[in-house]
Amino acid sequence: SDARRMVEAIIYRYRCGIAWRDLPEVYGPWQTVWTWHRRMASEGTWDTILNTLTAAADKEGLIDWSVSVDSTIARAHQHATNATRLTGGYIELQESDHRAA
Numbered sequence: 375s376d377a378r379r380m381v382e383a384i385i386y387r388y389r390c391g392i393a394w395r396d397l398p399e400v401y402g403p404w405q406t407v408w409t410w411h412r413r414m415a416s417e418g419t420w421d422t423i424l425n426t427l428t429a430a431a432d433k434e435g436l437i438d439w440s441v442s443v444d445s446t447i448a449r450a451h452q453h454a455t456n457a458t459r460l461t462g463g464y465i466e467l468q469e470s471d472h473r474a475a
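In this note's numbering, each number is its position in the sequence shown, counted from 1, plus 374.
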């Protein structure tokens, strides 16, 4: 069915880590797959699937909740933050402030 092919295409895209435009033609136009993905995300379909599968796995005792992943020490790329950086040192900033007064 169309829905199954779209879901398989979305899963394929994430498993391979490829761009939407690089999806194999067997899945149809990449724009169609992307539209399906966006619609399912905005409707909360992916969240529902995740919650349903997590609940089922937890009920079967397949999830070890004692494991925790802390990403506070994960290094980010130098341009990953949106923080504005001031150039120059403290003296330069102090002089600029003094001239404005």
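Glycine included, each C-beta is placed from N, C-alpha and C at the ideal position. None of these values were measured; they are calculated from a predicted model.
Assigned exposure category for residue i - 16 Cβ within 10 Å defines buried
i, result
"Ile-384", "buried"
"Val-400", "exposed"
"Trp-394", "exposed"
"Arg-412", "exposed"
"Arg-389", "exposed"
"Leu-427", "exposed"
Three-way DSSP call (helix, strand, coil) for residue i in this model
i, result
"Ile-366", "Only positions 375 to 475 of the chain appear in the structure, and residue 366 is not among them; the question remains open."
"Trp-420", "helix"
"Asp-376", "helix"
"His-411", "helix"
"Ala-430", "helix"
"Trp-439", "coil"
"Gly-391", "coil"
"Asp-396", "helix"
"Thr-446", "coil"
Whole-Å CB distance - residue i paired with residue j, under 8 Å assumed
i, j, result
"Ile-437", "Ala-431", "5 Å"
"Gly-402", "Arg-387", "Their Cβ separation, rounded to whole angstroms, is 13 Å, which puts Gly-402 and Arg-387 out of contact at 8 Å."
"Met-414", "Trp-408", "That belief does not hold up - the Cβ atoms of Met-414 and Trp-408 are roughly 11 Å apart, past 8 Å."
Cut-off 7 Å between Cβ atoms - residues of its own chain near residue i, not counting five sequence neighbours on either side
i, result
"Ser-440", "none"
6 Å Cβ shell around residue i - same chain, five flanking residues per side excluded
i, result
"Pro-410", "The residue you asked about is not Pro; residue 410 is Trp in the sequence shown. Met-380, listed in sequence order."
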